[in-house]
Amino acid sequence: MNKRRWAAVGIAIILFVFSGVVSRVTRNEEQTNRSMSQVNQMLFGSGQPEEVVEEEGTSSKKIVKLSIEGTIMNDGSSSLFSSGGYNHQSFMNQLKTVQQDSEIAGILLEVNTPGGTVYETAEITKELKKIGEDIPVYVAMKNQAASGGYYVSAHADKIFASDETITGSIGVIMSNTNYSGLMEKLGITDATIKSGALKDIGSSSRPQTDQDREVLQAYIDNSYNRFVDVVVQGREMDEARVRELADGRIYDGDQAKENGLIDEIGYPDEALAALKKEQDLEGAKVVSYSDGSTDFINSWLGNQLAEIQGLKPTQEQTIKGILESVGTPQAPKAMYLYGGE
Numbered sequence: 001m002n003k004r005r006w007a008a009v010g011i012a013i014i015l016f017v018f019s020g021v022v023s024r025v026t027r028n029e030e031q032t033n034r035s036m037s038q039v040n041q042m043l044f045g046s047g048q049p050e051e052v053v054e055e056e057g058t059s060s061k062k063i064v065k066l067s068i069e070g071t072i073m074n075d076g077s078s079s080l081f082s083s084g085g086y087n088h089q090s091f092m093n094q095l096k097t098v099q100q101d102s103e104i105a106g107i108l109l110e111v112n113t114p115g116g117t118v119y120e121t122a123e124i125t126k127e128l129k130k131i132g133e134d135i136p137v138y139v140a141m142k143n144q145a146a147s148g149g150y151y152v153s154a155h156a157d158k159i160f161a162s163d164e165t166i167t168g169s170i171g172v173i174m175s176n177t178n179y180s181g182l183m184e185k186l187g188i189t190d191a192t193i194k195s196g197a198l199k200d201i202g203s204s205s206r207p208q209t210d211q212d213r214e215v216l217q218a219y220i221d222n223s224y225n226r227f228v229d230v231v232v233q234g235r236e237m238d239e240a241r242v243r244e245l246a247d248g249r250i251y252d253g254d255q256a257k258e259n260g261l262i263d264e265i266g267y268p269d270e271a272l273a274a275l276k277k278e279q280d281l282e283g284a285k286v287v288s289y290s291d292g293s294t295d296f297i298n299s300w301l302g303n304q305l306a307e308i309q310g311l312k313p314t315q316e317q318t319i320k321g322i323l324e325s326v327g328t329p330q331a332p333k334a335m336y337l338y339g340g341e
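Numbering of the sequence shown is given in the UniProt record's numbering, commencing with residue 1 and proceeding in unit increments.
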C-alpha cells in the first residue's frame with residue numbers, strides 16, 4: 001500500500017478507538033446518571049403526588065381533598081422544595097393525577113388564598129373545569145377566597161363559605177409606584193433610550209402619560225372581562241348582575257350567599273358531608289395527596305445537597321422567580337389579587 005492508503009488505515013483505526021472510548025464514556029455517564037437519579041429519589045423522594053388516606057371507605061370510589069393555600073403564583077420551585085405555602089407545580093401535578101385515576105368520584109377543594117397571578121389562576125381554572133365535566137367538584141372557602149381565589153372556585157358544582165370568609169374582590173389590579181417626581185427633586189434624570197413611546201410603559205422613573213394609562217387600562221379591562229365571563233358561566237348569572245357585584249369589593253359569607261356568589265354557609269367538614277350525601281358517595285374513601293418528599297429534604301444537609309446538585313433553587317433564584325411571577329416596579333403585572341400586595 002502507498003503512504004496515502006496507510007494514512008487512511010491509520011485514521012480509520014484512530015476513529016474506531018475514539019468511537020469506542022466515547023461509547024464507553026457515554027455508557028458510564030448514563031449509568032452514573034441513573035445511579036444518581038436513584039440515590040436522589042431515595043434521599044428526596046419522588047416529587048410526585050402520593051395518596052394519603054384521610055378516611056377509610058367501604059366502596060372502590062374515592063373523594064379527593066385538594067387544597068390551595070397561599071398566594072397563587074409560580075416561583076419556580078419544584079413540589080419537593082416547596083417553602084410551605086402554595087406550590088403551583090405540585091398542585092398542577094395533583095390535578096393531573098386526579099384526571100388519571102378512574103376511581104375518583106368527587107373532589108373537595110379547600111380554598112384559602114387572596115388570589116394571585118393571572119396566568120396561573122386561569123391555568124388552575126381550566127383544569128378544574130375539565131375535571132368538573134366528569135365528576136362533581138365542591139369548594140369549601142376558608143379564611144379567604146378572594147379575587148383569584150373566587151376565580152378558581154366559580155365553576156364548582158357547589159360553593160361553601162363560613163360567615164367569616166372573605167370572598168369576592170372580583171377584578172384585576174396592576175400595582176405600581178411612580179417616583180419620577182422625587183427623582184426630579186433630587187436632580188436625577190431618566191435617560192432611557194427606547195424604540196417607541198410605549199416601550200417602557202409602566203416605568204416608575206418617568207411620569208405616566210395619557211397614552212400609557214389608556215393602553216394599560218385596555219389590558220386590565222380585557223382581563224377583567226375574562227374574570228366576569230368565568231363568573232357568568234360558573235354561577236349561571238346575568239352578566240349585568242355580575243358586573244354590579246364585580247367592582248372589587250369584598251363580601252363575607254352571608255353577603256356572598258345573598259348575592260348568589262356561593263351556595264351554602266358551612267365549613268369544610270360540612271361541605272364534605274354534603275358532597276357524600278348529594279352525590280351518592282356515602283361509602284367513598286377520602287384521600288389527599290402528599291408531595292412525595294422525605295424527611296431528609298427538610299434537613300440542613302438535604303437543603304445544601306439539593307442546592308449543590310441544582311435540584312433546589314437558591315434563595316436568589318427563588319426571589320428571581322417570584323419577581324418574574326408578580327412583576328417588578330419597572331414591569332408591573334396584572335394580578336387577580338385582593339389588596340394589591
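C-beta atoms are modelled at their ideal positions from N, C-alpha and C, and glycine is treated no differently.
| task | Pull up the distance between the alpha-carbon of leucine 109 and that of glutamine 255, whole angstroms please. | result | Using only the alpha carbons, I get a separation of about 21 Å.
| query | If we count the other Cβ atoms within 10 Å of its Cβ and call it buried at 16 or more, is arginine 213 buried or exposed? | reply | Exposed, since its Cβ has fewer than 16 Cβ neighbours within 10 Å.
| message | If you reduce the DSSP assignment to three classes, tell me which class isoleucine 63 lands in. | response | Shown here, isoleucine 63 sits in a strand according to DSSP, grouped into three states.
| query | Ordered along the chain, which non-local residues of its own chain (more than five positions away) have a Cβ less than 6 Å from that of isoleucine 159? | reply | Closer than 6 Å at Cβ, skipping near neighbours: Val139, Ser153, Ile262 and Asp263.
| said: Would isoleucine 107 and valine 286 be called neighbours here (beta carbons separated by less than 8 Å)? | reply: Between isoleucine 107 and valine 286, the C-beta gap is not smaller than 8 Å, which leaves the two residues out of contact.
| field | Beta-carbon proximity of arginine 206 to serine 175, cut-off 8 Å | value | A distance of 8 Å or more separates the beta carbons of arginine 206 and serine 175.
| Helix or strand or just coil, what does DSSP make of glycine 302? | Residue placement at glycine 302 is poorly supported in this model, since its pLDDT is 45, which falls under 50; the coordinates are not used for a value here.
| request: For valine 231, name the three-state secondary structure that DSSP assigns. | output: If DSSP states are grouped into helix, strand and coil, valine 231 belongs with the helices.
| Proximal residues to valine 52 (C-beta, below 8 Å), its chain only, five neighbours per side dropped | Correct list, in chain order: Val287, Ser288, Tyr289 and Ser290.
| said: Within a Cβ cutoff of 6 Å, which residues of the same chain sit near asparagine 40, ignoring the five residues on either side of it in sequence? | reply: Because the pLDDT at asparagine 40 is just 49, under 50, the model does not fix this residue reliably, and the value given afterwards should be weighed accordingly. Closer than 6 Å at Cβ, skipping near neighbours: no residue.
| message | With distance defined between alpha-carbon atoms, name the residue in Ala105, Gly85, Asp101 and Asp75 nearest to alanine 284. | response | Put simply, of Ala105, Gly85, Asp101 and Asp75 the residue whose alpha carbon is nearest the alpha carbon of alanine 284 is Ala105.
| Whole runs of the beta strand (DSSP E) within the region 147 to 172, excluding any shorter than 3 residues | Within the region 147 to 172, the runs of beta strand (DSSP E) that reach at least 3 residues and sit entirely inside it are, in chain order, 158 to 161 and 166 to 168.
| message | Does the structure place the region 245 to 253 close enough to the region 193 to 212 that three or more beta carbon pairs sit under 8 Å? | response | The region 193 to 212 vs the region 245 to 253: no contact.
| Under a three-way DSSP split, which group does tyrosine 336 fall into? | If DSSP states are grouped into helix, strand and coil, tyrosine 336 belongs with the strands.
| Are at least three pairs of beta-carbons, each pair with one atom in the region 110 to 118 and one in the region 58 to 73, less than 8 Å apart? | Yes, the region 110 to 118 is in contact with the region 58 to 73.
| task | Give me the Cα-Cα distance between asparagine 222 and leucine 182, rounded to the nearest whole angstrom. | result | When the Cα atoms are used, asparagine 222 and leucine 182 turn out to be separated by approximately 32 Å.
| Beta-carbon contacts of serine 147 that lie in its chain and below 6 Å, excluding the five residues immediately before and after | Excluding positions up to five away in sequence, the list reads Gly115, Ser169, Tyr336, Leu337 and Tyr338.
| field | glutamine 94, buried or exposed, once every other Cβ within 10 Å from all chains shown has been counted against 16 | value | Of the residues assessed, glutamine 94 falls on the buried side of the cut-off, its CB having 16 or more other CB atoms within 10 angstroms.
| request: Could you spell out the range, first to last residue, of the beta strand (DSSP E) harbouring isoleucine 107? | output: Unbroken beta strand (DSSP E) run through isoleucine 107: 104 to 113.
| With 16 as the cutoff for other CB atoms within 10 Å, does glutamine 211 come out buried or exposed? | Within 10 angstroms of the beta-carbon of glutamine 211 lie fewer than 16 other beta-carbons, which makes it exposed.
| Which residue's Cα is closest to the Cα of glycine 85: Ile68, Gly76, Thr97 and Gln99? | Taking only the C-alpha atoms, the option nearest glycine 85 is Ile68.
| Own chain residues within Cβ distance below 7 Å of proline 332, not counting five before or after | So the qualifying residues of the chain are Met174, Ser175, Asn176 and Gly202.
| query | Rounded C-beta distance between valine 111 and glycine 149? I'm assuming under 8 Å. | reply | Their Cβ separation, rounded to whole angstroms, is 5 Å, which keeps valine 111 and glycine 149 in contact under 8 Å.
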